[in-house]
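Notes follow once the structure below has been shown.
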Amino acid sequence: MNVFGNCTPFKLRYIPRFSRKSYVIGVGMTNFIKPRGQVDYPVMAREAMVKALMDIGKTYDVIQQAYVGYCFGDSTCGQRAVYQLGMTQIPVINVNNNCSTGSTALYLARQAVEFGIVDCALALGFEKMAKGSISSSFNDRTSPLDTTVSLLSETRGITNSPFTAQIFGNAGIEYCEKYGATAEHMAKIGEKNHRHSAKNPYAQLKDVYTLDQVKSSPQIFGPLTKLQCCPTSDGSAAVIVASEKFVLENNLQNQAIEIVAQELATDSPNLLEKKSSIELAGADMTRKAAKQVYKKAGITPNDIQVIELHDCFSANELITYDALGLCKPGQAHKLIDSNDVTYGGKYVINPSGGLISKGHPLGATGLAQCSELVWQLRGWCTNRQVPNIKYALQHNIGLGGAVVVTIYKQAELSNKNDDKEGWKQRFNYNPAIESKGITEKDFRNVCSKQVSEYLIATAKL
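Each residue of the sequence shown is one higher than the last, beginning at 0 in numbering that gives the first Met the number 0.
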C-alpha cells in the first residue's frame, strides 16, 4: 500500500500562469489640503470616485470589485465610502500598507483584472489625518516599526525630532558621507518639487521658493528643512482598472493607459544585517521591485521619461535615484548637478510636485501618483506636460515595509487615435490642469441603479 491508500497516485501538474493585460481607464482626485477636520473621508472619497467614473462615462454598476486604502480609520471605512454610489454587493476589500497603501490597492485591483477574476475594478484611497508629524495610534501593543526603532538607535541614535524625518534624514547623511553628495543637493530637490507643484491645481502647497529659501526654512532634522519634508494632508484619489475586453467593448481605447509591469516588494535581510541608514529607509526593496519591473517590461531605466517618486523627504528622493537605477551607484547628486531630474533633462521627476509640495494623505498618495502619470501619458497636462513620453514610472514606498513600482505606457489597441483632448468627451474642463468639485448632477449621473435615495438625500454636495 502506498501513501495514497488504495487510490492511484497522481502527478502534480504545472499550471501556467494565466494573465491578461490591464489598463487604467479612469482617474480622479480631490485637492490635497491641510488637515483641519473640515472635510470628512466619505465626502473626499465620493468626489474622487465620481470623477473617475465621469472619466469613463459609466455608472458605478460596472465596478465588480473595490479595493479601498487608508491608514487611519475603523475597519470598514471602505464600505462606507463606496456605498454612497450604490450597495451593489460587490467585494470591498480594505487595504492598509502604510504610505504605500494607495499603490497596494492598485496592485490588488490590477491582479484581479489580469488574472481574469473581473473585467473592471476600482482602487480608491483616502486619508483624514491629524495635524503635525505622524505618531503611533496604538501604544498597548508591539509597534510594526519596533525593529526599525531599535536599529535607528543602534546606528545613529534617536533624537526628539519627528521619527520619520530621522529615518530618511539619516539615509541622506549616510549617502553624503559615502558618495560626496551635500545637503545642498537635497535642498535642490525641494526647490525643484515646489517649483513643479505651482502648476498642479491639486497640490497642497503651490508657492515657488528659491534655493536659499528652501535651505533657510526651519530645520526639522539634520540636513532636512521644512520645505524638504512632505506635509500631512487630507485628500482622496481613485483609479479604475479594466481588461482589454472591457476597454474595447466600451470604446475607451483613446484614454486607456497600459500597466506594463508592476511589482510589490518588502524588506530584505539588509535591513537587519547592514546597519545602514540607507537600508533602514527601505532602499533594498526598491532595488528589488525596480529590477523586476524593468525585466518584465523588457526595458531599462534609460527608456523612462517621467517619474512620480515617493519623496516624503528630499533625502529619500536622493537615495531612490540610485535604487531605481536612474544613475550609477553613488552618483545621484551628479544627476541633480546635470539638471537631469527636471524639464529639459533626461528625466522629469515629480512633475506633480511630489509629496513634498503636492501633499501626502497616506491612502491616496499612490493613486494620485498614478493619476498624474495617466494624465501625462494622455498628453493632457499642457502647462506641465512632459514631451515625448513613451514610458512612465511610479514609486510608492511605506516603512515597515512595502514598496510598489509600476511602469505605464500608452495603450496599443485597435481603433486608437492620438487624441490629446479626450477630456472633452467626459468633462467640460480639463481635469489635469483644473480642479473642480462635483455637482449633484455629476453624482447622480454615475450612481448605480441600486443607489439608496437615503444616501443621496444625506450627501452633502
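Built from N, CA and C at the ideal position, the CB exists for glycine as well.
Taking only three categories from DSSP, how would you classify Y82?
The answer is helix: DSSP assigns Y82 an H, G or I state.
Continuous alpha helix (DSSP H) stretch holding T405: start and end
Note, T405: premise wrong, no alpha helix (DSSP H); beta strand (DSSP E) at 401-409.
Run through DSSP, which three-state label would D233 get?
strand
Quick check on this structure: which residue in L366, L376, A241 has the alpha carbon closest to the alpha carbon of Q347?
The sequence shown places Val at residue 347, rather than the Gln named in the question. Closest by C-alpha distance to V347, out of L366, L376, A241, is L376.
Here's the rule: buried if 16 or more other CB atoms are within 10 angstroms of the residue's CB, otherwise exposed. What is I437?
buried
Residue-level contact to chain D via CB, I306, 9 Å cutoff
Checking the listed chains, one finds no chain D in this structure; it contains a single protein chain.
Cβ-based neighbour list, M128, same chain, cut-off 8 Å, excluding 5 preceding and 5 following
So the list reads P34, F71, T231, S232, D233, P360, L361, once near-sequence residues are dropped.
Check each candidate in Y407, V26, I256 and name the one with the smallest Cα separation from A391.
Y407
For V403, which option in T381, R383, T319, P350 has the closest C-alpha, if you only look at C-alpha atoms?
T319
Runs of beta strand (DSSP E) lying entirely within the stretch 177-221, each at least 3 residues, in chain order:
Fully enclosed beta strand (DSSP E) runs of 3 or longer: 218-220.
Going by DSSP in three states, Q449 sits in which element: helix, strand or coil?
coil
Quick one: what's got a C-beta closer than 6 Å to Y69's C-beta in the same chain, skipping five residues either side?
Cβ neighbours of Y69 beyond the five flanking positions: C76, F125, E126, G362.
If you measure between the beta carbons of A260 and Y208, is that distance less than 9 Å?
no
Would you report the Cα separation of R470 and E46, rounded to the nearest angstrom?
Residue 470 falls outside the range modelled here, since the chain spans only 0 to 460, and no answer is possible.
In whole angstroms, give me the CA-to-CA distance for R425 and L121.
As the crow flies, the alpha-carbon of R425 is around 18 Å from that of L121.
With distances taken between CB atoms, is the gap from F31 to Y174 smaller than 9 Å?
no
S102 classed as buried or exposed, judged by whether at least 16 other C-beta atoms fall within 10 angstroms:
buried
Could you tell me if T381 is buried or exposed, where buried requires 16 or more neighbouring beta carbons within 10 angstroms of its beta carbon?
exposed
Where does the unbroken beta strand (DSSP E) through F245 begin, and where does it stop?
Per DSSP, F245 belongs to no beta strand (DSSP E); it is in the alpha helix (DSSP H), 243-248.
At a cut of 8 Å, does the stretch 298-305 reach the stretch 190-204 through at least three beta carbon pairs?
no
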